[in-house]
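Novice: Handing you this structure, nothing more for now.
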Amino acid sequence: MSARDVILARVRAAVEGVPDVEIPRSYRGPEPATDGLVDLLADRVRDYKAVVHVVEEAGVAALVADSLAARGVRRLVVPEGFPETWLPSGGFERIGDEPRLSAADLDTADGILTTCAVAVAETGTIVLDAGEGQGRRALTLLPDYHLCVVRQDQIESGVPGAVARLDPARPLTWISGPSATSDIELNRVEGVHGPRTLEVVVVTSG
Amino acid sequence: MSRTFLGMPGTVSMMGYSGKETFPENAAKAVRNSQLRFNLRKATGTIRGRRASVVGELPDWPDLRQAGKAIKDHTLRNLDTYLVRLEEAVTKAGGHVHWARDAAEANRIVTDLVKATGETQVVKVKSMATQEIGLNEALHAEGITAYETDLAELIVQLGDDWPSHILVPAIHRNRSEIREIFVRHMSEWGRPAPERLTDEPAALAEAARLHLRERFLATKVAISGANFMVAETGTLVVLESEGNGRMCLTLPETLISVVGIEKLVPTWRDLEVFLQLLPRSSTGERMNPYTSMWTGATEGQEFHLVLLDNGRTGVLADDLGRQALRCIRCSACLNVCPVYERSGGHAYGSVYPGPIGAILTPQLRGMGSELDRSLPYASSLCGACYEVCPVAIDIPSVLIELRGRSRHPVAERAGMAAAGWVFKRQGRLARAQRMGGRMRRLVPKRLPGPLGGWTDTRDLPAIPKESFRDWWNRTDGGAR
Ligand code: SF4
Chain A
1 MSARDVILAR VRAAVEGVPD VEIPRSYRGP EPATDGLVDL LADRVRDYKA
51 VVHVVEEAGV AALVADSLAA RGVRRLVVPE GFPETWLPSG GFERIGDEPR
101 LSAADLDTAD GILTTCAVAV AETGTIVLDA GEGQGRRALT LLPDYHLCVV
151 RQDQIESGVP GAVARLDPAR PLTWISGPSA TSDIELNRVE GVHGPRTLEV
201 VVVTSG
Chain B
1 MSRTFLGMPG TVSMMGYSGK ETFPENAAKA VRNSQLRFNL RKATGTIRGR
51 RASVVGELPD WPDLRQAGKA IKDHTLRNLD TYLVRLEEAV TKAGGHVHWA
101 RDAAEANRIV TDLVKATGET QVVKVKSMAT QEIGLNEALH AEGITAYETD
151 LAELIVQLGD DWPSHILVPA IHRNRSEIRE IFVRHMSEWG RPAPERLTDE
201 PAALAEAARL HLRERFLATK VAISGANFMV AETGTLVVLE SEGNGRMCLT
251 LPETLISVVG IEKLVPTWRD LEVFLQLLPR SSTGERMNPY TSMWTGATEG
301 QEFHLVLLDN GRTGVLADDL GRQALRCIRC SACLNVCPVY ERSGGHAYGS
351 VYPGPIGAIL TPQLRGMGSE LDRSLPYASS LCGACYEVCP VAIDIPSVLI
401 ELRGRSRHPV AERAGMAAAG WVFKRQGRLA RAQRMGGRMR RLVPKRLPGP
451 LGGWTDTRDL PAIPKESFRD WWNRTDGGAR
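Chains as they are written, first to last, in full-length UniProt numbering: chain A, 1 to 206; chain B, 1 to 480.
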């Protein structure tokens, strides 16, 4: 018998005659969006010591320009599909991922600018699915600064709403604040391996 | 109560101490180590507080807990079906699935996979399953070096040490010890520690960042575990904080994940429950910094999944004990355990410490050694672990059951004492002994069958006026 057959046979023998159980789903499921979600998301992301801005559509490019200048970001990775209207006209060197950047190249970039797929207000989370304007996973991992633009209609109140909207076939990265560790005497230190600075721009639908 | 084993239960193996010393002996040593005690007390106290506040935020926490418990029980009941479904989904998405009956088989599979790539170095993200099977040692014997990349695991590896906490494995080290370890040993493994390294946590984290960055960029094979596997879609899920997990999952050309068969959930939707239960119970955060989900071969990577039994089907066969397989390794039970707080993780002589370790280790490893026979006594049966467990594992009941199966009079007499459970004054001890009463109210005076082994040597105490939890909170664990 193969290892597979042995393990499956062991499992079947082990659970024989054991009654099955119903799964009660009385917890809160996906909830309709409310006006308060923008503020809740902003508060919760700030709790992780990330910087958050809330702006109207027309103000995004100027805000991005200010943020890049404030951080001294010169070499900025901009993934394919990032909306051109949200990009400042100059002031930085734009790096694309076509052809694919090597990990070493990425490591020398000052920052990465992305959109996201979904955000979760209650937990202060943004989720990337490697889609338009986000790029592959390494792009938001190696540069030390991540600036992420979230549209209001992408905000879900809780985790169930986000799970329902996401496609499991895509590589997903849930990001809640900057990289952190509490391994040294339980003091939280921002930034071990991922970006040490996370900045989020929430664009209101007006 | 007999366990139904198919195959070779004798070959189940787990890394750990030699098993010669019992829990009381190990614990007595730990209790004398005041650094460890101080760190543990600070750490567990902090996490307890955080957990309570973020759990309290969710109005539907009890519903999530019930759902989490039921999803796991349903999965375990139908584990064969879901394992096959998972295999299909992963394979369809371009991944390769391997099955390992025991530690030796898993180690051989992984070693062969690494050798096939021609590489002699691998990066690893913290995984209890690979620790359980002693993978690093097995790779080492074949000339392959495994580099741990989690900050705490790095501290443990550089210090040639054992993890002491599921979540914060280096909880037994303070900052000056960590600095010392970095300065002395980083150069043996790669990029040396920066000159004039201070013991500021931020400086130490920066040293780890620099030390590991080169390695992440250069290494072509990574080994991980997983927190969850979704049968329906073939998706694997890893929760982490630092980003070393993302590095390992994303950058290397080949990814090998070694995962216990109990980590399964049936559907994609089920994640909505566990992504709420786990971070809040674990680090006491609303969400951990990074969660990665991937399905099969992703972004051009070669992907192998090794499904590990290593005693789990034996635990599954046990009517009461199988609930231990619901465990999502959040470590909440460690953080509330008065015995753990005083004795530390090392005393349990296993990669699974604390209350969950006390029921899981003897079941996985059998009760052949003195140490494993003594583990079910490493508890005061206060019930705090059950209260915080996000999947409602009734640890005290399983402990009583295991005690009944394997009496260990020495551990029983000495257990609580050596575990630091001897509070300095008699009055405290008397009180401590009454704690189990809350639990034992539920059972008859003398337990039937093999359980008599436990009750025979105990006077069932009167029900205390004040519950243990109340007492613990009021007196800060007897400190006041
Ligand atoms: S037994 Fe429960 S509380 Fe303890 S680690 Fe497992 S899931 Fe968490």
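The C-beta atom is built at its ideal place from N, Cα and C for all residues, glycine as well. Predicted, not measured: the structure shown is a model, and the values here were computed from it.
Beta-carbon within less than 6 Å of B/SER176's beta-carbon, same chain only, minus the 5 sequence neighbours each way: which residues are those?
Specialist: For this step, residue 176 of chain B is matched to residue 176 along the second sequence. Excluding positions up to five away in sequence, the list reads ASP199.
Novice: Quick one: give me the first and last residue of the alpha helix (DSSP H) that B/PHE216 is part of.
Specialist: Within the second sequence, numbered from 1, the residue matching residue 216 of chain B stands at position 216. Segment 201-218, the alpha helix (DSSP H) holding B/PHE216.
Novice: Is there at least one Cβ from chain B nearer than 8 Å to residue 217 of chain A's Cβ?
Specialist: A query on residue 217 of chain A cannot be resolved here, the shown segment of chain A reaching from 1 to 206 and no further.
Novice: Between B/ILE171 and the ligand SF4, is the CB less than 7 Å from at least one heavy atom?
Specialist: On the second sequence, residue 171 of chain B is found 171 positions in, with the first residue counted as 1. B/ILE171: no, Cβ never under 7 Å from the ligand SF4.
Novice: Under the three-state reduction of DSSP, which class applies to A/SER27: helix, strand or coil?
Specialist: Taking the first sequence and counting its residues from 1, one reaches residue 27 of chain A at position 27. What sits at residue 27 of chain A in the sequence shown is Tyr, not Ser. Of the three classes helix, strand and coil, the one that applies to A/TYR27 here is coil, per DSSP.
Novice: Between which two residues does the beta strand (DSSP E) harbouring B/SER292 extend?
Specialist: In the second sequence, residue 292 of chain B corresponds to position 292, counting from 1. That run of the beta strand (DSSP E) goes 290-295.
Novice: Can we count B/VAL265 as close to the ligand SF4, meaning its CB is less than 7 Å from some heavy atom?
Specialist: Counted from its first residue, the second sequence places residue 265 of chain B at position 265. The answer is no for B/VAL265.
Novice: Rounded to the nearest angstrom, what separates B/LEU210 and B/ARG191 at their Cα positions?
Specialist: For the purposes of this step, residue 210 of chain B is taken as the residue at position 210 of the second sequence. For the purposes of this step, residue 191 of chain B is taken as the residue at position 191 of the second sequence. So the alpha carbons of these two residues sit roughly 8 Å apart.
Novice: Count Cβ pairs between the segment 88-106 of chain A and the segment 150-163 of chain A that sit closer than 8 Å; are there 3 or more?
Specialist: Touching, no, given that fewer than three Cβ pairs across the two stretches are closer than 8 Å.
Novice: Where does A/ASP43 land, buried or exposed, given buried means 16+ other C-beta within 10 angstroms?
Specialist: Within the first sequence, numbered from 1, the residue matching residue 43 of chain A stands at position 43. Counting Cβ neighbours within 10 Å, A/ASP43 comes out exposed, since fewer than 16 surround it.
Novice: In chain A, what lies closer than 7 Å to B/ARG269 by C-beta?
Specialist: Against the second sequence, residue 269 of chain B aligns to sequence position 269. Per Cβ cutoff of 7 Å: VAL163.
Novice: Please list the residues of the segment 194-208 of chain B that have a C-beta atom closer than 7 Å to any C-beta atom in chain A, keeping them in chain order.
Specialist: Taking 7 Å as the Cβ-Cβ cut-off against chain A, the residues of the segment 194-208 of chain B that qualify are PRO201, ALA202, LEU204, ALA205 and ALA208.
Novice: Taking 7 Å as the cut-off, does the CB of B/CYS382 come closer than this to any heavy atom belonging to the ligand SF4?
Specialist: Locating residue 382 of chain B in the second sequence gives position 382, counting from the first residue. Not so, every heavy atom of the ligand SF4 lies at least 7 Å from the Cβ.
Novice: Using a Cβ-Cβ cut-off of 8 Å, state whether A/GLU22 counts as contacting chain B.
Specialist: Within the first sequence, numbered from 1, the residue matching residue 22 of chain A stands at position 22. Output row for A/GLU22: interface = yes.
Novice: Which of the three DSSP states is assigned to B/LEU360 in this structure?
Specialist: Translated into the one-based positions of the second sequence, residue 360 of chain B becomes position 360. Here B/LEU360 sits in helix by DSSP.
Novice: Would you give the residue range spanned by the alpha helix (DSSP H) that B/CYS248 belongs to?
Specialist: The residue labelled residue 248 of chain B in the question sits at position 248 within the second sequence. Looking at the DSSP string, the run of the alpha helix (DSSP H) that includes B/CYS248 is 244-250.
Novice: Considering only residues of the same chain and omitting the five flanking positions on each side of A/ALA180, which have a CB-CB separation below 6 Å?
Specialist: In the first sequence, the residue the question calls residue 180 of chain A occupies position 180. Taken in chain order, the residues that qualify are ARG188 and GLU190.
Novice: Mark B/GLU188 as exposed unless 16 or more other C-beta atoms lie within 10 angstroms of its C-beta, in which case mark it buried.
Specialist: For this step, residue 188 of chain B is matched to residue 188 along the second sequence. It counts as exposed.
Novice: Does the pairing of the segment 138-153 of chain A with the segment 266-279 of chain B give three or more beta-carbon distances under 8 Å?
Specialist: Contact fails: fewer than three Cβ-Cβ distances are below 8 Å.
Novice: Can you find a CB in chain A that lies within less than 8 Å of the CB of B/HIS74?
Specialist: Taking the first residue of the second sequence as 1, we reach residue 74 of chain B at position 74. So yes, B/HIS74 belongs to the interface.
Novice: Could you tell me whether any non-hydrogen atom of the ligand SF4 is closer than 7 Å to the CB of B/ALA332?
Specialist: Locating residue 332 of chain B in the second sequence gives position 332, counting from the first residue. At least one heavy atom of the ligand SF4 is nearer than 7 Å to the Cβ of B/ALA332, so yes.
Novice: Among B/GLY383, B/ARG65 and B/VAL54, which has the Cα closest to the Cα of B/VAL391?
Specialist: Position 391 of the second sequence holds residue 391 of chain B. Taking only the C-alpha atoms, the option nearest B/VAL391 is B/ARG65.
Novice: Can you tell me whether A/ARG10 is helix, strand or coil according to DSSP?
Specialist: In the first sequence, residue 10 of chain A corresponds to position 10, counting from 1. Reduced to three states, the DSSP call for A/ARG10 is helix.
Novice: B/THR298 versus chain A: which residues are under 7 Å apart at the beta carbon?
Specialist: Here residue 298 of chain B refers to the residue found at position 298 when the second sequence is read from its first residue. What B/THR298 touches in chain A: PRO171.
Novice: Would a C-beta distance cut-off of 8 Å place A/LEU87 and A/VAL52 closer than the cut-off?
Specialist: On the first sequence, residue 87 of chain A is found 87 positions in, with the first residue counted as 1. On the first sequence, residue 52 of chain A is found 52 positions in, with the first residue counted as 1. No; because the gap between Cβ atoms is not below 8 Å, this pair is not in contact.
Novice: Is the segment 84-92 of chain B touching the segment 104-118 of chain B, taking contact as three or more C-beta pairs under 8 Å?
Specialist: Touching, no.
Novice: Using only alpha-carbon positions, find the residue among A/ALA61, A/ILE95 and A/GLY81 that is nearest to A/SER89.
Specialist: Here residue 89 of chain A corresponds to residue number 89 of the first sequence, with the count starting at 1. Of the listed residues, the one whose Cα sits closest to A/SER89 is A/ALA61.
Novice: Please confirm whether any heavy atom of the ligand SF4 lies closer than 7 Å to the CB of B/ARG48.
Specialist: Counting from 1 along the second sequence, the entry for residue 48 of chain B is found at position 48. No, the beta carbon of B/ARG48 sits no closer than 7 Å to any heavy atom of the ligand SF4.
Novice: Strictly below 9 Å CB to CB, what residues from chain A border B/ARG101?
Specialist: If you number the second sequence from 1, residue 101 of chain B lands on position 101. Going along chain A in sequence order, the residues near B/ARG101 (Cβ under 9 Å) are ALA3, VAL6, ILE7 and ARG10.
Novice: With respect to 7 Å, is the separation between the Cβ of B/ARG329 and the closest non-hydrogen atom of the ligand SF4 below this value?
Specialist: Position 329 of the second sequence, counting from 1, holds the residue named residue 329 of chain B. Yes; taking the cut-off as 7 Å, the Cβ of B/ARG329 has a heavy atom of the ligand SF4 nearer than that.
Novice: Listed from N- to C-terminal order along the chain, which residues in the segment 79-113 of chain A have their beta-carbon within a distance smaller than 7 Å of any beta-carbon of chain B?
Specialist: So the close ones are ALA103, ALA104 and ASP107.
Novice: Please list the partners that A/LEU141 has in chain B, where partner means a Cβ-to-Cβ separation under 7 Å.
Specialist: The residue you call residue 141 of chain A lines up with position 141 of the first sequence. GLY243, ARG246, MET247 and THR250, listed in chain order.
Novice: Check A/LEU139 in the structure and name its three-state DSSP category.
Specialist: By one-based count along the first sequence, residue 139 of chain A stands at place 139. Three-state result, A/LEU139: helix.
Novice: Indicate, with yes or no, if the ligand SF4 has a heavy atom lying under 7 Å from the CB of B/ILE395.
Specialist: Translated into positions along the second sequence, residue 395 of chain B becomes position 395. Checking every heavy atom of the ligand SF4 against the Cβ of B/ILE395, one is found closer than 7 Å.
Novice: With DSSP collapsed to three states, give me the class of B/VAL125.
Specialist: Numbered from 1 along the second sequence, position 125 holds the residue referred to as residue 125 of chain B. Coil.
Novice: Quick check on this structure: which residue in B/THR233, B/TYR386 and B/LEU399 has the alpha carbon closest to the alpha carbon of B/GLY296?
Specialist: For the purposes of this step, residue 296 of chain B is identified with residue 296 of the second sequence, where counting begins at 1. The option with the nearest alpha carbon to B/GLY296 is B/THR233.
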